[in-house]
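Novice: As they're listed, the protein sequences go chains A and B.
Quick note on my numbering: the first sequence kicks off at 531 and runs consecutively.
Quick note on my numbering: the second sequence kicks off at 1262 and runs consecutively.
All C-beta atoms in this analysis are idealised placements derived from N, C-alpha and C, irrespective of residue type, glycine included.
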Amino acid sequence: GIQVEQSPPDLILQEGANSTLRCNFSDSVNNLQWFHQNPWGQLINLFYIPSGTKQNGRLSATTVATERYSLLYISSSQTTDSGVYFCAVLANAGGTSYGKLTFGQGTILTVHP
Amino acid sequence: DGGITQSPKYLFRKEGQNVTLSCEQNLNHDAMYWYRQDPGQGLRLIYYSQIVNDFQKGDIAEGYSVSREKKESFPLTVTSAQKNPTAFYLCASTPKAKVVGTGGAYSNTEAFFGQGTRLTVV
Chain A
531 GIQVEQSPPD LILQEGANST LRCNFSDSVN NLQWFHQNPW GQLINLFYIP
581 SGTKQNGRLS ATTVATERYS LLYISSSQTT DSGVYFCAVL ANAGGTSYGK
631 LTFGQGTILT VHP
Chain B
1262 DGGITQSPKY LFRKEGQNVT LSCEQNLNHD AMYWYRQDPG QGLRLIYYSQ
1312 IVNDFQKGDI AEGYSVSREK KESFPLTVTS AQKNPTAFYL CASTPKAKVV
1362 GTGGAYSNTE AFFGQGTRLT VV
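#1: Just by C-beta distance, which residues in the stretch 567 to 583 of chain A are closer than 8 Å to chain B?
#2: Within this structure, are the beta carbons of TYR603(A) and THR637(A) separated by less than 7 Å?
#3: Against chain A, does GLY1377(B) count as a neighbour if the rule is that its beta carbon must be under 7 Å from one of theirs?
#4: PHE1273(B): buried (16+ other C-beta within 10 angstroms of its C-beta) or exposed?
#5: I want to check one thing, is the minimum distance from the CB of TYR1309(B) to the heavy atoms of the ligand FAD below 6 Å?
#6: Going by the CB atoms, is the gap between VAL641(A) and SER612(A) shorter than 7 Å?
#7: What does the alpha-carbon distance come out to for the pair ALA591(A) and GLN533(A)?
#8: Can you list, in chain order, the residues of its chain whose CB lies under 7 Å from that of CYS553(A), leaving out five sequence neighbours each side?
#9: Tell me whether the beta-carbon of ASN1279(B) lies closer than 7 Å to the beta-carbon of THR1378(B).
#10: Determine whether the beta carbon atoms of ASP1299(B) and ALA1353(B) lie at a separation below 7 Å.
#11: According to the Cβ coordinates, are LEU620(A) and ASN568(A) closer than 7 Å?
#12: Does any C-beta atom of chain A lie closer than 7 Å to the C-beta of GLY1303(B)?
#13: Check the Cβ of ALA1322(B) against every Cβ in chain A and list those closer than 7 Å, keeping chain order.
#14: Of all the residues that make up the stretch 1262 to 1296 of chain B, which are near chain A by a beta-carbon distance shorter than 8 Å?
#15: Give me, in chain order, the residues of the same chain whose beta-carbon lies closer than 8 Å to that of LYS1275(B); leave out the 5 immediate sequence neighbours on both sides.
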């Protein structure tokens, strides 16, 4: 099946710093999402971004589907950005992709005041 | 409000008991998923269902069972055969949409998650 690798596994920042999280995937995809898992375990949707670039406030994401990677940018980080960031993909199985949504292992982000 | 509701939020199971976790959605989504998360780990797929009365095993289906009798509901039963059931369980759903340029093929689109159920064996 499709493999999803996220890097770095851990990231520690001072408040105000910028960061880039990366998600590599091993096959073509119909669907790519970025999630933030808060301390209570809930997965918060950040971006649905199979291709192209999107921005939402201090966060932006870019997916280059042809090169099989996606980047999540966090600018001017805040302590509330701490948590785990997951990338998840749905493989493109010949145009009709009724398949598994596969997650990477996540990036643990800690932002210190 | 539209959304995905998982219940209960916390569940305690005795050794040898079966327990059922509830997942209900009123988003009219076609596909539903169950994931398991262990402390400090990522999400692993247990079962998924694309339509009513049909479901497929994920990567770690052993010791679990599901049903999909209604579009809105996808309950997960953790059986006594699951030797290490203590974990955080998350349910998700996704709508379908036509894939542009494929002549009519469909794909699942954006997934949304419930708040999870923490299961502990006592």
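Specialist: Well, looking at it:
#1: Hits within the stretch, in order: TRP570, GLY571, GLN572, LEU573, ASN575 and TYR578.
#2: The answer is no: Cβ separation not under 7 Å.
#3: Nearest CB-CB separation between GLY1377(B) and chain A: below the 7 Å threshold.
#4: In summary, PHE1273(B) is exposed, with fewer than 16 beta-carbon neighbours lying within 10 Å of its beta-carbon over all protein chains present.
#5: This structure lacks the ligand FAD, and indeed carries no ligand of any kind.
#6: Against a cut-off of 7 Å, the Cβ pair of VAL641(A) and SER612(A) comes out as a contact.
#7: Rounded to the nearest angstrom, the two C-alpha atoms are 20 Å apart.
#8: Leaving aside the five residues that flank CYS553(A) on each side, the residues in its chain whose CB is nearer than 7 Å to its CB run, in chain order, VAL534, GLN536, TYR599, SER600, CYS617 and GLY634.
#9: No, the pair does not count as a contact, with Cβ atoms beyond the cut-off.
#10: The Cβ-Cβ distance between ASP1299(B) and ALA1353(B) does not fall below 7 Å.
#11: Not in contact: LEU620(A) and ASN568(A) (Cβ atoms no closer than 7 Å).
#12: Contact with chain A is found for GLY1303(B), since one of that chain's Cβ atoms lies less than 7 Å from the residue's Cβ.
#13: Correct list: empty, because the minimum Cβ distance to chain A is about 12 Å.
#14: Closer than 8 Å at the C-beta level to chain A, one finds these residues of the stretch 1262 to 1296 of chain B: ALA1292, TYR1294 and TYR1296.
#15: Cβ neighbours of LYS1275(B) within its own chain (closer than 8 Å, five residues either side excluded): VAL1382 and VAL1383.
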